[in-house]
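Below you'll find the structure, written out as structure tokens, and then a few comments.
Protein chains in written order, with our numbering: chain A, -15 to 288; chain B, 19 to 172.
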């Protein structure tokens, strides 16, 4: 998703009408509710929704956490487009001519209540692709006194896929997931490609065979909406095409992983660099000793 | 008493395959192309069935009546209009199919992974597949217009 860097410098309309899609799970009733919110420059949609919750309607339900586009909790459909509410400036979506912002829960995820969606199915699919490095030698994992060699180019090949915050926006935008629940979805498949392309992973054959079904990349039809809405520039659409191409070559016996990273034993430096003065432990305290007596801090004297 | 809560299934279903505006996603002409590809594919399946029925007409009405009806097919008539729309559908589906083969099966024109930098547009959306898509639309318009010229003007 492209960002307008000047959006935060613009002043949004003074009063913006928020049309929020509500859902009551006890009755199954669904309706649109309107709230008028006074805005300020730099206000995000999440700020406005929290203002509504604090000052106008306490019953509105939404999920959020970090408020800075890192946790991926506050995904919702804002003016028809899946976005992170904390990253969306009101000035970006509301204008003086049309000071209305519509907010709906993410599509393709079951709605628990109002704007809160259930990610269970999404994370089940995520789990299905085994999103972790697999090495054949199990002992390697136990020792941990080594690292895997990797060139900067190999790192950049997978770096953008490692930025995924699992916010579910791509899954919500996908028209294939909309029509079939079997498709693993862009997020899981992008993760899959990240490990197939990662030289540190050895289970590429197992991974490719795992997704050689109608759940896998062959169900994708390249609508590219996933890449268009991704707030972290992960590009799941390209990952799926690379995965499909690799799978096709693998089935024709033409695909082989170029390189498997070998372990490199890390030398433990005998004399590590001393800590800088500002990081030196408090005199009298030794953080490495577990059974050390706590330092006597003269609290009474300090308060006096 | 614990209230019974029911989650609402929020999937748009097959409508997302024929309506590109179920979501209003910016910078995403690929979605329009996807929807057009689905619609034209569906229409081609229907037309093929109609075509099978039509080609059986001489067996039902006789070759003379068939030849008489076909002789009327010039200028703007039901038959030429039918061929004109069929050509539009087939041109789009074929051209876009070639684009999809290149992009999906051979993984060409989707760009290279890159380090994120402003304005944070995914590499595949900036890659030459986008140019390929516009080329499909341009070629579609030209070839459809040319087919119309051949059908109606000749």
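In this text, a Cβ means the ideal position worked out from N, Cα and C, and glycines have one as well.
Buried or exposed by the 16-neighbour rule on C-beta atoms within 10 Å, applied to residue i
i, result
"residue 206/A", "buried"
"residue 85/A", "buried"
"residue 163/B", "exposed"
"residue 30/A", "buried"
"residue 92/A", "buried"
"residue 87/A", "buried"
"residue 219/A", "buried"
"residue 103/A", "buried"
"residue 125/A", "exposed"
"residue 110/A", "buried"
"residue 32/A", "buried"
"residue 175/A", "buried"
"residue 36/A", "buried"
"residue 16/A", "exposed"
"residue 2/A", "buried"
"residue 49/A", "exposed"
"residue 264/A", "exposed"
"residue 130/A", "exposed"
"residue 267/A", "exposed"
"residue 111/B", "buried"
"residue 178/A", "buried"
"residue 336/A", "This structure cannot settle anything about residue 336/A, because the visible part of chain A is limited to -15 through 288."
"residue 21/A", "buried"
"residue 67/A", "buried"
"residue 287/A", "exposed"
"residue 0/A", "buried"
Cross-strand partners of residue i (DSSP beta bridge)
i, result
"residue 130/A", "249/A"
"residue 68/A", "59/A"
"residue 138/B", "Its beta-bridge partners do not exist; DSSP assigns none."
"residue 58/B", "Paired residues: none, contrary to the question."
"residue 171/A", "Answer by DSSP bridge pairing: none, since residue 171/A is not bridged."
"residue 28/A", "73/A"
Backbone secondary structure at residue i - three-state DSSP
i, result
"residue 18/A", "strand"
"residue 64/B", "helix"
"residue 60/A", "strand"
"residue 101/A", "strand"
"residue 151/B", "helix"
"residue 110/B", "helix"
"residue 47/B", "helix"
"residue 326/A", "Here chain A has residues from -15 to 288 only, and residue 326/A is not among them."
"residue 135/A", "coil"
"residue 146/A", "helix"
"residue 13/A", "strand"
"residue 96/A", "strand"
"residue 159/A", "helix"
"residue 123/A", "helix"
"residue -6/A", "coil"
"residue 117/B", "helix"
"residue 124/B", "coil"
"residue 41/B", "coil"
"residue 82/B", "helix"
"residue 69/B", "helix"
"residue 161/B", "helix"
"residue -13/A", "coil"
"residue 166/B", "helix"
"residue 98/B", "helix"
"residue 259/A", "coil"
"residue 111/A", "helix"
"residue 50/A", "coil"
"residue 176/A", "helix"
Where the beta strand (DSSP E) through residue i begins and ends
i, result
"residue 118/A", "Unbroken run through residue 118/A: none, as it is neither H nor E."
"residue 6/A", "-1 to 8"
"residue 88/A", "84 to 88"
First and last residue of the uninterrupted alpha helix (DSSP H) at residue i
i, result
"residue 284/A", "283 to 287"
"residue 41/A", "That residue, residue 41/A, is in no alpha helix (DSSP H); it is neither H nor E in DSSP."
"residue 29/B", "Here residue 29/B belongs to no alpha helix (DSSP H), and DSSP marks it neither H nor E."
"residue 231/A", "220 to 235"
"residue 76/B", "75 to 79"
"residue 188/A", "188 to 194"
"residue 212/A", "209 to 213"
beta-carbon residue i near the ligand ADP non-hydrogen atom, thresh 8 Å
i, result
"residue 90/B", "What this structure holds is no ligand at all, so the ligand ADP is not there to describe."
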